[in-house]
Amino acid sequence: MLRAALVTVSSRSYLEGTQLMFYSFLKLHSKFKVDLILIHDEFSKQEQRELNELFGVQCFKLDIKLKNKINQLTNALPSYRKRQTRFYSLQAFKLDYDSILYVDSDIIFRKNIAEIFELKNPFSACIDLHSMLGGKRSLETFSADPLLTTHLTFNAGFFHFKPKKLDEKIYEKLLNRISIKQFSKLKSGHTDQFILNQEFTKSANIIDSKYNAYVLPARQIEQKENVESASVWHFLRHPKPWKREVLVKRLLKGRRPSAQIAEWNLLFHEFSKIMNKKMTWKEKCLSGLILLISYRD
7 MLRAALVTVS
17 SRSYLEGTQL
27 MFYSFLKLHS
37 KFKVDLILIH
47 DEFSKQEQRE
57 LNELFGVQCF
67 KLDIKLKNKI
77 NQLTNALPSY
87 RKRQTRFYSL
97 QAFKLDYDSI
107 LYVDSDIIFR
117 KNIAEIFELK
127 NPFSACIDLH
137 SMLGGKRSLE
147 TFSADPLLTT
157 HLTFNAGFFH
167 FKPKKLDEKI
177 YEKLLNRISI
187 KQFSKLKSGH
197 TDQFILNQEF
207 TKSANIIDSK
217 YNAYVLPARQ
227 IEQKENVESA
237 SVWHFLRHPK
247 PWKREVLVKR
257 LLKGRRPSAQ
267 IAEWNLLFHE
277 FSKIMNKKMT
287 WKEKCLSGLI
297 LLISYRD
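Numbering (the working numbering), first residue to last: 7 to 303.
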């Protein structure tokens, strides 16, 4: 039997996103056997227990080797402190499974994607927004360079890999890429995505973008695949769908309403009701305003 895992990383500021990501996955994959794993560095035992009771999630504390590498980097380059959680995804390569799907916590599943776990390629991902819009990057600095003839770069918010088809020392190799020298050259501010592209871009299996359809808070991008028909929505950039107060202020100032953010909030209402997780009065009011403004036309 295939030993499969769905892995994410989270922090307290992303907890609502994490909860809805797991809920949306389980809602569509109730008969699919897969371990749910969360990598973190701040949840209390009580918070971990609640996640386990809600979804059956196994919470893994950040590996000390990875933590030390991140600390070395952020001590030398303090600008990465606010983004250090993004490096946690690399710990997925330390897990022992036949098939692993990593997803960011700002994702929701809209269709069954069980077929992803059956992929035979060593590493698979979807092209990133920059490549989707026709851009190219230097793999050395990850800076945009339209004159380059290079491989497509991929987004690190949704990727699948077969551990047994990768170098047995892949985790150590990825950790070694967290170097002060390398990140001193980086201009784009990327973290795990930079490392994973350096390691896998030339060999990555690029899969259909319906598995990682990008949703932006300010505008909707043009894509070959219709966002509405996508299997997975990935809410890029900020504010995230659960940052309701910021979103409402923007909407009241005339920002274009997002049907995708409204759908996220509708799904969160469903999750709260079914899982008996009470929303605060403020959360309910703000969420209601988002739905009202988004659907008023």
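Yeah, the Cβ is synthetic: ideal placement off N, Cα and C, and Gly gets one too. Remember, predicted model here, so these are calculated numbers, not experimental data.
How is residue i classed by DSSP in three states: helix, strand or coil?
i	result
A98	helix
H166	strand
R262	coil
S158	Reading the sequence as shown, one finds Leu at residue 158 and not Ser. Three-state DSSP puts L158 in coil, outside helix and strand.
R116	coil
R9	coil
S209	coil
Y108	strand
P17	Residue identity differs from the one stated: residue 17 is Ser in this sequence, not Pro. Three-state result, S17: coil.
S215	helix
K230	Interpretation of K230 is limited by its pLDDT of 42, a score under 50 that renders its predicted location unreliable; the figure taken from the coordinates is listed afterwards. Looking at K230 - three-state DSSP - the assignment turns out to be coil, as it is neither helix nor strand.
V252	helix
For the alpha helix (DSSP H) holding residue i, just list the boundary residues, first then last.
i	result
Y177	176-182
F277	265-280
S190	186-191
E56	51-61
I122	Where I122 is concerned, there is no enclosing alpha helix (DSSP H), given that its DSSP letter is neither H nor E.
T316	Residue coverage of the chain in this structure runs from 7 to 303, which leaves residue 316 outside it and unanswerable.
K75	70-82
In terms of residue numbering, what span does the beta strand (DSSP E) encompassing residue i cover?
i	result
V238	238-241
L44	41-46
K67	64-67
Y220	219-221
I296	Taken as a continuous stretch (DSSP letters only), I296 belongs to no beta strand (DSSP E), being part of the alpha helix (DSSP H) at 287-300.
I133	129-133
Among the options, which has the Cα closest to the Cα of residue i?
i	options	result
N218	D112, S95, I186	D112
Q97	N118, D198, I114, G62	D198
E251	F241, E234, G294, S209	G294
R92	H136, R116, I45	I45
Q90	L42, N74, D104, F129	N74
E205	E276, D134, N182, L107	N182
G163	I114, Q188, S209	I114
N118	K100, H35, A10	H35
I267	P128, Y220, S137	Y220
F49	F38, M7, V15	V15
T159	P223, P169, T147, E234	T147
E269	S30, S19, A10, M7	S30
F200	N161, F66, P169	N161
L8	I280, A131, E121	E121
R87	R256, H196, H244, L242	H196
D69	K51, D110, E178, L273	E178
D110	G140, S237, M27	M27
N2	M285, A236, S190, K283	Since the displayed the chain opens at 7 and closes at 303, residue 2 lies outside it and no answer follows.
S95	H166, K170, L172, D173	H166
Q25	L83, K216, Q54	Q54
L60	D47, L21, D214	L21
N127	D102, K175, K208, K171	K171
L12	F66, L79, I76	F66
L145	W287, Q188, Y103, N282	Q188
S85	I186, H244, L292	I186
I184	K216, R18, L202, F38	L202
L272	L101, R261, C291	C291
K39	E124, E56, K288	E124
Y108	N282, D173, P169	P169
E56	N282, L101, S235	N282
A236	D214, G140, E174	D214
Under 8 Å by Cβ, that's how I've got residue i and residue j pegged, so tell me the actual separation to the nearest angstrom.
i	j	result
W248	G23	6 Å
S300	S278	About 18 Å; that fails the 8 Å criterion.
I106	I212	Not quite, the Cβ-Cβ distance comes to about 18 Å (not below 8 Å), so this is no contact.
K193	S149	5 Å
L42	Q64	7 Å
I296	V254	6 Å
L222	L242	6 Å
A10	S130	At roughly 14 Å, the Cβ-Cβ gap does not stay under 8 Å, so A10 and S130 are not in contact.
I176	F99	5 Å
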